[in-house]
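Here the structure comes first, spelled out in structure tokens, and everything after it is commentary.
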Amino acid sequence: MNSFPEISQDVTDQIISWRHDLHRHPELGFEEKRTSAEVARLLREFGLEVHEKVGTTGVVGVLKAGDGDRAIGLRADMDALSITELNSFDHASRHPGRMHACGHDGHTAMLLGAAKLLANSRDFNGTVVFIFQPAEEHGRGALAMMEDGLFERFPVEAVYGIHNMPSLPTGQIALRRGPIMACEDNFEIGVLGKGGHAAMPHLSIDPILVASEIVVALQSIVSRSLNPLENGVISVTDFAVEATRNVIPERVTLRGDTRSFLPAVQDQIEASMARISEGISAAYGATASFSYSREFASTINTAREADIVAAVAREVVGEDNVQPDCLPLMASEDFGFMLQRKPGCYLFLGNGGDGPGGCGLHSPHYDFNDDILQTGVAFWLRLVRSQLSR
């Protein structure tokens, strides 16, 4: 397992131990009190300047070496999910209903490992800001830290993040210039008709019929309104009605989410959804209400920083193990909010296509693959040394 000689087996064992401890004690967004306390304790032990309660439960560690005035930010998320773990290994969650099913325990452990080794070596020139972020799954943690002055208090010229990726071969690195993950927007459509007896529909305005037509028509936005080269997804995930078997209801509520990569596409989807909902409702004599909220920003890598990451990745894992132009994902990640403020790059680290790392994210059977901890730490070390060279 010791593929990187500069990361000793003793240090590797420590990193694994941290990861397993975090996995046993998962905490949900903005509740990461034990996690953040342990992160802060270790950072102080390493000799970093530590700032707690940044954005509620976030932690920032600052490490300086030499007299350089350049600074970069490295970010790891810390929160868990509301899932009951079904694994039986020793480090499984001890808290029913809470689980590290997205690998944030591994992300945190890798960044702690990098902080420890860089604090020992100090073989760079400048400042590294280690950002341990709460509440990524909420989509609010990055914003909370920035609203608490993250980049004003700890200025950086660029910020970088890693996420493990099941299905990507173990230890491979994938990234791309431009959008790598989508934004997520939520919507609610209320259709108000006229209730009545099921035997006399001519005396009613059936909101179920109206809402059903809206559900079908919304898909025409993706197939007929958007440029075929611009991605978009519209998913109605809730069709809610309170009714009795022999009663045509008064109201139906539709809920769901949309995904896209570009702000202009977001605007087009929102406007088209409102027009279709209101138009179809009016055609039947019903009325529609429409609300639309933008929850996660697109994660858009800047070209220079993506090229830097690709070059560093080749040095760490070799040319054949780097995908410099991977397909983007329609899933969402709140690191995108940081990239609206700072240049940077988000990359995927392969968790493995089979074996312990092959289970999908957000599954009750998922586990972070300990075999990639060294790779993540080695990437962070090489990135810092390349960007803050002595």
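Using our numbering, read the sequence shown as starting at 629 and increasing by one per residue.
Cβ coordinates follow ideal geometry from the N, Cα and C atoms, glycine included.
All figures in this text were calculated on a predicted structure; none of them were measured in a lab.
Coil, strand or helix - residue i by DSSP
i, result
"THR1003", "helix"
"PRO891", "helix"
"LYS970", "coil"
"ASN979", "strand"
"GLN951", "strand"
"ASP638", "helix"
"ALA720", "coil"
"ILE711", "coil"
"VAL667", "helix"
"MET629", "Note on MET629: pLDDT 47, under 50, position unreliable in the model; no value is reported."
"HIS830", "helix"
"PRO797", "coil"
"ASN859", "coil"
"VAL784", "coil"
"HIS679", "strand"
"HIS766", "coil"
"LEU989", "coil"
Beta-carbon contacts of residue i that lie in its chain and below 7 Å, excluding the five residues immediately before and after
i, result
"SER991", "ALA729"
"ARG805", "ASN929, ALA931, ALA934"
"ALA668", "VAL678, GLU680, VAL687"
"SER601", "Residue 601 is absent from the model: the chain starts at 629 and stops at 1018."
"THR900", "Residue identity check: residue 900 is Ser in the sequence provided, not Thr. So the list reads ILE849, SER853, once near-sequence residues are dropped."
"ALA665", "none"
"PRO1019", "Any answer about residue 1019 is impossible in this case: the structure gives the chain only from 629 up to 1018."
"GLY696", "ASN753, GLY754, LEU1016"
"ASP638", "none"
Residues sharing a beta bridge with residue i, DSSP
i, result
"ILE817", "LEU882, PHE918"
"TYR994", "Paired residue(s): none; TYR994 is not in a bridge."
"HIS732", "BP columns for HIS732 are empty, so no partner."
"ASP705", "GLN761"
"ASN929", "GLY806"
"GLU659", "Note: GLU659 sits in no beta bridge, so no partner."
"LEU957", "MET809"
"ASP590", "Since the first residue of the chain shown is 629 and the last is 1018, residue 590 is not available in this structure."
"PHE924", "GLU812"
"ILE790", "LEU975"
"ILE700", "VAL756, ALA786"
"VAL688", "HIS679, ILE759"
"GLY824", "ILE876"
"ALA693", "GLY754"
Sequence-distant residues of the same chain with beta carbon closer than 8 Å to residue i, five excluded per side
i, result
"GLY657", "ASP707, PRO762, ALA763, GLU764, GLU765, HIS766, ARG768, GLY769"
"HIS651", "HIS719, ALA720, SER721, HIS728, ASP733, ASP995, PHE996"
"ILE833", "GLY821, LYS822, TYR912, GLY913, ALA914"
"LEU671", "VAL678, VAL687, GLY689, LEU740, ALA743, PHE758"
Exposure label - residue i; buried when at least 16 CB within 10 Å
i, result
"ALA892", "exposed"
"PHE717", "exposed"
"MET828", "exposed"
"MET629", "With a pLDDT of only 47 at MET629, under 50, the local geometry of the prediction cannot be trusted, and the value read off the model is given with reservation. Label assigned to MET629: exposed."
"THR640", "buried"
"ARG750", "exposed"
"HIS1020", "Residue 1020 lies beyond the residue range present for the chain, which begins at 629 and ends at 1018; the question has no answer from this structure."
"GLY799", "buried"
"LEU714", "exposed"
"VAL950", "buried"
Selection from the options that minimises the alpha carbon distance to residue i
i, options, result
"VAL869", "VAL875, VAL880, ILE862, SER863", "VAL880"
"PRO856", "GLU841, PRO877, VAL864, SER888", "SER888"
"VAL757", "SER1017, ARG1018, VAL1012", "VAL1012"
"SER631", "VAL844, GLN1002, SER664", "GLN1002"
"VAL945", "PHE1007, GLY675, GLY754, ALA772", "PHE1007"
"ARG873", "ILE836, SER848, GLU947", "ILE836"
"PRO956", "ILE700, TYR974, SER900, ALA839", "TYR974"
"ARG647", "ASP705, VAL838, THR886, ASP962", "ASP705"
"GLN968", "ALA737, PHE779, GLY754", "PHE779"
"GLY972", "VAL861, GLY907, TYR788", "TYR788"
"LEU882", "ALA938, LEU820, ASN748, ILE849", "LEU820"
"GLU923", "ALA911, ARG698, ARG942, GLY964", "GLY964"
"LEU702", "GLU898, PHE760, LEU803", "PHE760"
"GLY683", "GLU775, ASN753, GLY986", "GLU775"
"ALA826", "LEU709, PRO877, VAL861, GLN896", "PRO877"
"PRO794", "VAL1005, GLY983, ASP998, ASN979", "ASN979"
"TYR920", "ALA802, GLN894, VAL937, GLY988", "GLN894"
"GLY694", "ASN859, LEU746, PHE867, GLY860", "LEU746"
C-beta neighbour in chain E for residue i, strict 9 Å
i, result
"SER848", "Checking the listed chains, one finds no chain E in this structure; it contains a single protein chain."
Spatial neighbours of residue i in its chain, beta-carbon cut-off 6 Å, leaving aside the 5 residues before and after
i, result
"GLY865", "Sequence check: residue 865 is Thr here, not Gly. Cβ neighbours of THR865 beyond the five flanking positions: GLY884."
"ILE700", "VAL784, ALA786, GLN1015"
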